[in-house]
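Reading through the structure tokens given below for one structure.
2 protein chains.
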Amino acid sequence: MEANEPGGRSARKHQAIIEAATAVFMEKGYARTSMDDIAKLAAVSKQTVYKHFADKETLFAEIVMATTDRVDAMIDAVSGIPADAASLEENLVRLAHRFLTTLTHPQVLQLRRLVVANADSFPELGAAWYEQGFERVLATLADTFRHLADQGLLRIDDATLAANHFSGLLLWIPVNKAMFHGSPQHTQPELDHYATAGVRAFLAAYR
Amino acid sequence: MEANEPGGRSARKHQAIIEAATAVFMEKGYARTSMDDIAKLAAVSKQTVYKHFADKETLFAEIVMATTDRVDAMIDAVSGIPADAASLEENLVRLAHRFLTTLTHPQVLQLRRLVVANADSFPELGAAWYEQGFERVLATLADTFRHLADQGLLRIDDATLAANHFSGLLLWIPVNKAMFHGSPQHTQPELDHYATAGVRAFLAAYR
DNA sequence: CCAGAACTGGACTGTCCAGTACTGTTGCCT
DNA sequence: AGGCAACAGTACTGGACAGTCCAGTTCTGG
Chain A
1 MEANEPGGRS
11 ARKHQAIIEA
21 ATAVFMEKGY
31 ARTSMDDIAK
41 LAAVSKQTVY
51 KHFADKETLF
61 AEIVMATTDR
71 VDAMIDAVSG
81 IPADAASLEE
91 NLVRLAHRFL
101 TTLTHPQVLQ
111 LRRLVVANAD
121 SFPELGAAWY
131 EQGFERVLAT
141 LADTFRHLAD
151 QGLLRIDDAT
161 LAANHFSGLL
171 LWIPVNKAMF
181 HGSPQHTQPE
191 LDHYATAGVR
201 AFLAAYR
Chain B
1 MEANEPGGRS
11 ARKHQAIIEA
21 ATAVFMEKGY
31 ARTSMDDIAK
41 LAAVSKQTVY
51 KHFADKETLF
61 AEIVMATTDR
71 VDAMIDAVSG
81 IPADAASLEE
91 NLVRLAHRFL
101 TTLTHPQVLQ
111 LRRLVVANAD
121 SFPELGAAWY
131 EQGFERVLAT
141 LADTFRHLAD
151 QGLLRIDDAT
161 LAANHFSGLL
171 LWIPVNKAMF
181 HGSPQHTQPE
191 LDHYATAGVR
201 AFLAAYR
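Given below as structure tokens:
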């Protein structure tokens, strides 16, 4: 038998269930996903699913919270910008570009939809995702801006507010479009436009 | 028999069903709402519900689209601003305040959640709501800004983009919070802060 | 190599719910 | 008044699905 994945059989099944559940939940939402769907996609018996996760709610909560790990990748995308006065705008546009590209990935948007859609039924989940995902990225962005302000490149008194304004200028349009339409697929030129226009407004306000 | 409501019995029942359905859908979401719930709240037999609306999906679509009527009230809230150079900031803050207050009403936010949550299953509904609700308000806002630009009070080349930036600066924070948390209830001082800070940034970018 | 734990597969229970059927009642229109 | 269409109430059908049970199989660790 080839095992490939590390760990014992149980650990492999566990992982397979998580991956399958993530895929199905993200595609069909919570209510329209059945435990049989998940078991089938994971190539696992339903009993095994229930051996690993108490019930559907627990499984859902677990797979959603597991995705907050990926936040680290986003954080990398918005931290560390060269403090060079001459090419500040250029650097900020590059930052904005990374920011936009990362946060408008279909998977990220779909996950956002999933959490928002079920924030009624899982209030603690929505709150946790907001804090551990959203606000962590925002805090990193605020740090970056604070650093730039220390170098005299930006004029900022409330760095968190500035980070929110930056996000709002960049993301308001594409995120809204994505939330209301099934699958977004923003073209690269569109993102370019949002990035440059947003950065221009931001710099006008905060330089 | 007192009738009170205008129209015949049938029209009254129709209205009662719509109102009940709107209330229940907004409180519990689409999947968790049963037709019996709606019939009960409307004080109507289930058969009558099906006399007026073919099925659950049709009913849902109808009550959501019916809410786009209320957009007119929002449009009034963002149109018509005095073109007075001296008190431009003050007037814009007032506009921002109306804008924020209207769009962060719990009902508006809840409806937004409802549409976003079901945009998978009802794609045309999400798109229609976005266009007939969201974009109409945005277009009005853009008109207002274009008018101010004609008066020389703002420096704008793309009025729609400016309207989006204005919205993003003001709404990004409170709307996100509301989307991820069950019921938001923003305090008035918070809204004040968002309004003044957002307008300050906007004016820095577009004056 | 050999227990025991984990897994499979499928049947099964209980519940919820959309939508229908049916019988009788109430309101509306002429 | 009278006739019809809409209504109430309730029972029913059919399907979906969460969660359980069990009998037999496979893996794994000592």
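Line by line, the protein sequences are chains A and B.
For the first sequence, the positions run 1 to 207 when UniProt numbering is used.
For the second sequence, the positions run 1 to 207 when UniProt numbering is used.
For every residue, glycine included, the Cβ atom is placed at its ideal position computed from N, Cα and C.
Got a sec: is the Cβ-Cβ distance from residue 149 of chain A to anything in chain B below 9 Å?
What you label residue 149 of chain A is simply residue 149 of the first sequence in a count that begins at 1. It does not: the Cβ of residue 149 of chain A has no partner Cβ on chain B nearer than 9 Å.
Under the three-state DSSP convention, the category residue 167 of chain B falls into:
Counted from its first residue, the second sequence places residue 167 of chain B at position 167. Under the three-state reduction of DSSP, residue 167 of chain B is assigned to helix.
List the residues of chain A whose Cβ lies closer than 7 Å to the Cβ of residue 116 of chain B, in chain order.
Locating residue 116 of chain B in the second sequence gives position 116, where the first residue counts as 1. Those within 7 Å of residue 116 of chain B in chain A are 113, 116, 117, 179, 180.
Around the C-beta of residue 205 of chain A, are 16 or more other C-beta atoms found within 10 angstroms, so that it is buried, or is it exposed?
Within the first sequence, numbered from 1, the residue matching residue 205 of chain A stands at position 205. It is buried - the Cβ of residue 205 of chain A has at least 16 other Cβ atoms within 10 Å.
Quick check on residue 112 of chain A: buried or exposed, where buried means 16 or more other Cβ atoms within 10 Å of its Cβ?
In the first sequence, residue 112 of chain A corresponds to position 112, counting from 1. By the beta-carbon neighbour count (other beta carbons within 10 angstroms, threshold 16), residue 112 of chain A is buried.
Distance, Cα to Cα, residue 46 of chain B vs residue 55 of chain B?
The residue you call residue 46 of chain B lines up with position 46 of the second sequence. The residue you call residue 55 of chain B lines up with position 55 of the second sequence. Distance between the alpha carbons of residue 46 of chain B and residue 55 of chain B is about 11 Å.
Pull up the CB-CB distance for residue 155 of chain A and residue 207 of chain A, whole angstroms please, since I reckon it's below 8 Å.
Here residue 155 of chain A is taken as the residue at index 155 of the first sequence, counted from 1. Here residue 207 of chain A is taken as the residue at index 207 of the first sequence, counted from 1. Confirmed, Cβ separation roughly 7 Å.
Could you say if the region 7 to 14 of chain B and the region 185 to 196 of chain A meet the contact criterion of at least three C-beta pairs nearer than 8 Å?
The region 7 to 14 of chain B makes no contact with the region 185 to 196 of chain A, as fewer than three CB pairs between them are under 8 Å.
Taking 9 Å as the CB-CB cut-off, is residue 171 of chain B touching chain A?
One-based indexing of the second sequence puts residue 171 of chain B at position 171. Taking Cβ atoms only, chain A reaches closer than 9 Å to residue 171 of chain B, which makes this a yes.
Got a sec: which bits of the region 153 to 165 of chain B sit with their beta carbon under 9 Å from any beta carbon on chain A, in order along the chain?
Those would be 158, 161, 162, 164, 165, in chain order.
Where residue 16 of chain A falls, given that 16 or more other Cβ within 10 Å makes a residue buried
Taking the first sequence and counting its residues from 1, one reaches residue 16 of chain A at position 16. It counts as buried.
Under 8 Å between beta-carbons, which chain B residues line up against residue 139 of chain A? List them in chain order, please.
Residue mapping note: residue 139 of chain A aligns to position 139 of the first sequence, counting from 1. Residues of chain B whose Cβ lies closer than 8 Å to the Cβ of residue 139 of chain A do not exist, since the nearest Cβ in that chain is about 14 Å away.
On the DSSP letters alone, give me the boundaries of the alpha helix (DSSP H) that residue 130 of chain A sits inside.
Numbered from 1 along the first sequence, position 130 holds the residue referred to as residue 130 of chain A. Counting along the chain, residue 130 of chain A falls outside any alpha helix (DSSP H), and DSSP gives it neither H nor E.
Residue 41 of chain A versus residue 166 of chain A: straight-line alpha-carbon distance, rounded:
The residue you call residue 41 of chain A lines up with position 41 of the first sequence. The residue you call residue 166 of chain A lines up with position 166 of the first sequence. Rounded to whole angstroms, residue 41 of chain A to residue 166 of chain A spans 40 Å at the Cα level.
Do residue 148 of chain B and residue 63 of chain B have their beta-carbon atoms positioned less than 9 Å apart in this structure?
Within the second sequence, numbered from 1, the residue matching residue 63 of chain B stands at position 63. Within the second sequence, numbered from 1, the residue matching residue 148 of chain B stands at position 148. No, Cβ-Cβ distance for residue 63 of chain B and residue 148 of chain B is not below 9 Å.
How about the region 103 to 123 of chain B and the region 115 to 135 of chain A: do they share at least three Cβ pairs that are nearer than 8 Å?
The region 103 to 123 of chain B, when compared against the region 115 to 135 of chain A, does touch it at the 8 Å Cβ threshold.
Identify whether residue 17 of chain A lies in helix, strand or coil by the three-state DSSP scheme.
Here residue 17 of chain A is taken as the residue at index 17 of the first sequence, counted from 1. DSSP places residue 17 of chain A within a helical segment (H, G or I) once states are collapsed to three.
With DSSP collapsed to three states, give me the class of residue 82 of chain A.
By one-based count along the first sequence, residue 82 of chain A stands at place 82. Three-state result, residue 82 of chain A: coil.
Between the region 127 to 138 of chain A and the region 66 to 77 of chain A, do three or more beta carbon pairs fall short of 8 Å?
Result yes; three or more Cβ-Cβ pairs closer than 8 Å.
Quick check on residue 120 of chain B - is its C-beta less than 9 Å from some C-beta in chain A?
Your numbering for residue 120 of chain B matches position 120 in the second sequence. Yes, residue 120 of chain B counts as interfacial toward chain A.
Give me, in chain order, the residues of the same chain whose beta-carbon lies closer than 8 Å to that of residue 71 of chain A; leave out the 5 immediate sequence neighbours on both sides.
Along the first sequence, one-based indexing puts residue 71 of chain A at 71. Cβ neighbours of residue 71 of chain A within its own chain (closer than 8 Å, five residues either side excluded): 132, 133, 136, 137.
Look at the Cβ atom of residue 171 of chain A, then the Cβ atom of residue 100 of chain A, and state whether they are nearer than 9 Å.
For this step, residue 171 of chain A is matched to residue 171 along the first sequence. For this step, residue 100 of chain A is matched to residue 100 along the first sequence. For residue 171 of chain A and residue 100 of chain A, yes; Cβs fall inside 9 Å.
Please state whether the Cβ-Cβ distance between residue 21 of chain B and residue 38 of chain B is less than 9 Å.
Looking up residue 21 of chain B in the second sequence gives position 21. Looking up residue 38 of chain B in the second sequence gives position 38. The answer is yes: Cβ separation under 9 Å.
DSSP-derived helix/strand/coil call for residue 30 of chain B:
As a position in the second sequence, residue 30 of chain B is number 30, starting the count at 1. Look at residue 30 of chain B here: in three-state DSSP terms it is coil, with no helix or strand label.
Check whether chain B comes within 9 Å of residue 50 of chain A, counting only Cβ atoms and requiring the distance to be less than that.
Within the first sequence, residue 50 of chain A is the residue found at index 50, counting from 1. No, residue 50 of chain A lies away from the interface with chain B (no Cβ there is under 9 Å from its Cβ).
Short Cβ contact (9 Å threshold) for residue 197 of chain B with residue 169 of chain B:
In the second sequence, counting from the first residue as 1, residue 197 of chain B sits at position 197. In the second sequence, counting from the first residue as 1, residue 169 of chain B sits at position 169. Yes, the Cβ-Cβ distance between residue 197 of chain B and residue 169 of chain B is below 9 Å.
Return the CA-CA distance between residue 3 of chain B and residue 175 of chain A, expressed in angstroms with no decimal places.
In the second sequence, counting from the first residue as 1, residue 3 of chain B sits at position 3. In the first sequence, counting from the first residue as 1, residue 175 of chain A sits at position 175. Since pLDDT at residue 3 of chain B reaches only 41, below the 50 mark, its modelled position is unreliable, and the value read off the structure follows with that caveat. Each residue's alpha carbon lies about 47 Å from the other.
Closer than 9 Å at the beta carbon, the chain B residues around residue 29 of chain A:
In the first sequence, residue 29 of chain A corresponds to position 29, counting from 1. Neighbours of residue 29 of chain A on chain B, chain order: 31, 117, 118, 120, 121.
So, for residue 35 of chain A: in the same chain, excluding its five sequence neighbours on each side, which residues have a beta-carbon less than 7 Å away from its beta-carbon?
As a first step, residue 35 of chain A is located in the first sequence; it is residue number 35 there, counting from the start. Non-local C-beta neighbours of residue 35 of chain A in its own chain, meaning closer than 7 Å and more than five positions away in sequence, comprise 46, 49, 56, ordered along the chain.
Would you say the beta carbon of residue 55 of chain B is closer than 8 Å to some non-hydrogen atom of the ligand ZN?
This structure lacks the ligand ZN, and indeed carries no ligand of any kind.
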